[in-house]
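See structure below.
Numbering (the numbering used here), first residue to last: 94 to 569.
Here's what the structure looks like:
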């Protein structure tokens with residue numbers, strides 16, 4: 094009945110008496126409607142979509158996610174300290190080798206499905222049947238792919254231990270392998286939460302993963318378990334996390350008959366195949382400067398550089414927080430072909446990001462050496478200040494565009510997004526290869542900064558070619 098009333102209001106039927114005053118058609122704007130789904134509000138088929146806007150919710154969500162980022166950063170430091178303190182250098186080495194393999198294989202376990210769940214849930218957030226099918230079909234795909242990759246790693250863990258000449262690494266990886274299954278499911282569930290703009294829950298779930306890993310490490314230490322048991326902490330954390338994330342998604346996206354559909358399974362598979370390489374490329378791009386330095390310089394110089402690079406990566410992740418909040422908004426704007434509003438949002442947000450990034454960079458550079466002296470004394474790491482200066486400069490140049498650099502993914506073009514990330518990686522490799530032999534650490538920093546700056550050009554060119562507009566400068 095409501096649908097018929099709305100149809101008649103927007104499209105009056107012909108043949109009415111000409112003597113009666115004609116009622117003007119009512120035009121409904123989705124951005125004038127609000128969307129606050131609750132567990133009991135899904136009785137109707139269609140709900141009002143989110144209104145993409147840089148509103149109070151956006152600012153509140155940013156605060157929550159920055160707090161989560163702080164928890165994750167502190168947890169990362171605490172994790173290394175706890176492992177090193179209880180298990181020493183050998184235990185820390187085993188843990189980090191297992192973690193390195195786990196991170197790489199997790200990209201194959203998720204297969205880009207978390208990107209697909211984010212994009213398609215945000216796209217259909219106002220339509221209950223489509224949203225439900227998009228969410229739970231992605232979860233079903235993650236169950237299959239995660240189980241497959243987890244089983245392969247479990248069976249192949251002795252071979253990995255042999256290749257790394259460490260029986261403990263092999264045993265640790267076998268204990269971490271089931272975690273890949275839960276990790277894949279969690280990434281998709283978190284993508285659903287992100288797509289619905291439930292950013293407070295997104296922040297809590299993201300940060301809880303690291304807290305649970307630390308709890309698992311502490312439990313291993315208190316029970317005096319061998320170092321290879323540290324691999325089990327990944328399975329422990331993901332298994333508990335899936336209970337929370339799964340419960341939230343069940344409440345907000347109630348599964349029912351037909352919630353897993355063959356068309357949606359095929360759509361997620363196609364999206365994942367085209368986009369699953371991009372997170373792997375991004376991870377490589379974040380490490381390529383350190384890897385290439387190792388080919389030319391001593392371990393000491395690489396260590397000095399990597400210390401500054403670690404700080405710079407944390408600085409860059411502050412921009413990733415903004416991107417995570419912008420992504421579901423971009424999906425809605427692109428779905429409704431509101432490209433002028435995307436440019437308007439960029440013009441409003443980018444200058445604020447530039448100012449904030451420049452201010453934080455200045456504070457960080459001023460405090461870097463005094464803080465190092467306070468914590469480590471007169472250490473060789475003080476030499477990394479100039480490296481950090483160059484890296485911070487490169488991040489500042491591209492900072493206003495980072496919140497929007499997943500736009501091709503949100504437009505349903507994962508292959509083009511992979512191409513964009515690959516161009517960024519190739520530029521980084523070329524600049525580093527050209528500059529490191531002559532400038533050493535500063536060459537790596539300068540090469541990375543140039544690649545970051547060039548990424549702005551790549552983004553604008555590809556957005557213009559694929560979407561028909563470009564962002565341009567942040568200020569006219």
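Even glycine gets a Cβ: it sits at the ideal position worked out from N, Cα and C.
As the structure is a computational prediction, the values presented were derived from the model and not from experiment.
- Burial state of residue 557 is exposed, judged by a 10 Å Cβ sphere holding fewer than 16 other Cβ atoms.
- Within the segment 487-525, the complete alpha helix (DSSP H) segments at least 4 residues long are 500-503, listed from N- to C-terminus.
- Annotation: the segment 372-455 contains the following complete segments of the alpha helix (DSSP H) (minimum length 4 residues), in chain order: 392-428.
- DSSP places residue 153 within a helical segment (H, G or I) once states are collapsed to three.
- Excluding the 5 residues flanking it on each side, residue 229 has same chain C-beta neighbours closer than 6 Å at 348, 352 and 353, in chain order.
- For residue 532 and residue 510, the gap between their C-alpha atoms comes out near 32 Å.
- A straight-line Cα-Cα distance of about 14 Å links residue 286 and residue 300.
- Exposed is the label assigned to residue 561, since fewer than 16 other Cβ atoms lie within 10 Å of its Cβ.
- Looking only at 508, 545 and 517, the smallest Cα-Cα distance to residue 492 is reached by 545.
- Annotated three-state conformation of residue 541 is helix, per DSSP.
- Annotated three-state conformation of residue 472 is coil, per DSSP.
- Separation of the CB atoms of residue 184 and residue 334 is rounded to 24 Å, and the pair is thereby denied contact status at 8 Å.
- Shown here for residue 519: not one same chain residue has a beta carbon closer than 7 Å to its own, the five before and five after excluded.
- Within the same chain, 524, 525 and 528 come within 6 Å of residue 540 by CB-CB distance, once the 5 residues on both sides are set aside.
- Annotation: residue 464 to residue 368 spans about 41 Å, alpha carbon to alpha carbon.
- Where residue 369 is concerned, there is no enclosing alpha helix (DSSP H), because DSSP gives it neither an H nor an E.
- Taking the Cα of residue 536 as reference, the smallest distance to any Cα among 445, 383 and 410 is reached at 383.
- With a contact defined as Cβ atoms closer than 8 Å, residue 208 and residue 502 qualify at about 6 Å.
- Around the beta-carbon of residue 359, fewer than 16 other beta-carbon atoms lie within 10 Å, marking it exposed.
- Residue environment analysis places residue 258 among the exposed positions, since fewer than 16 neighbouring C-beta atoms fall within 10 angstroms of its C-beta.
- Cα atoms of residue 495 and residue 290: separation of roughly 19 Å, rounded to the nearest angstrom.
- Residue environment for residue 506: buried (at least 16 other C-beta atoms within 10 angstroms of its C-beta).
- Sixteen is the threshold: since fewer than 16 other Cβ atoms of the shown chains lie within 10 Å of the Cβ of residue 473, the residue is exposed.
- For residue 295, the uninterrupted alpha helix (DSSP H) segment begins and ends at 292-315.
- Only residues of its own chain outside the window of five on either side were considered, and among them 175 have a CB closer than 7 Å to the CB of residue 311, listed in chain order.
- According to the DSSP assignment, residue 213 belongs to the alpha helix (DSSP H) that extends over 206-216.
- Comparing C-alpha distances from residue 245 to each of 232, 260, 224 and 273 shows the shortest one belongs to 273.
- Contact annotation: residue 262 and residue 254 have beta-carbon atoms nearer than 8 Å.
- Counting C-beta atoms within 10 angstroms of its own C-beta, residue 216 has 16 or more neighbours from the protein chains shown and is therefore classed as buried.
- Taking C-beta atoms as the reference points, residue 279 and residue 338 count as a pair closer than 8 Å.
- Within a 10 Å sphere around the beta-carbon of residue 187 sit 16 or more other beta-carbons, which makes this residue buried.
- In the DSSP annotation of this structure, the continuous segment of the alpha helix (DSSP H) that includes residue 326 starts and ends at 325-345.
- Comparing C-alpha distances from residue 433 to each of 407, 282 and 563 shows the shortest one belongs to 563.
- In the DSSP annotation of this structure, the continuous segment of the alpha helix (DSSP H) that includes residue 265 starts and ends at 260-288.
- Distance from the CA atom of residue 340 to the CA atom of residue 302, rounded to whole angstroms, is 16 Å.
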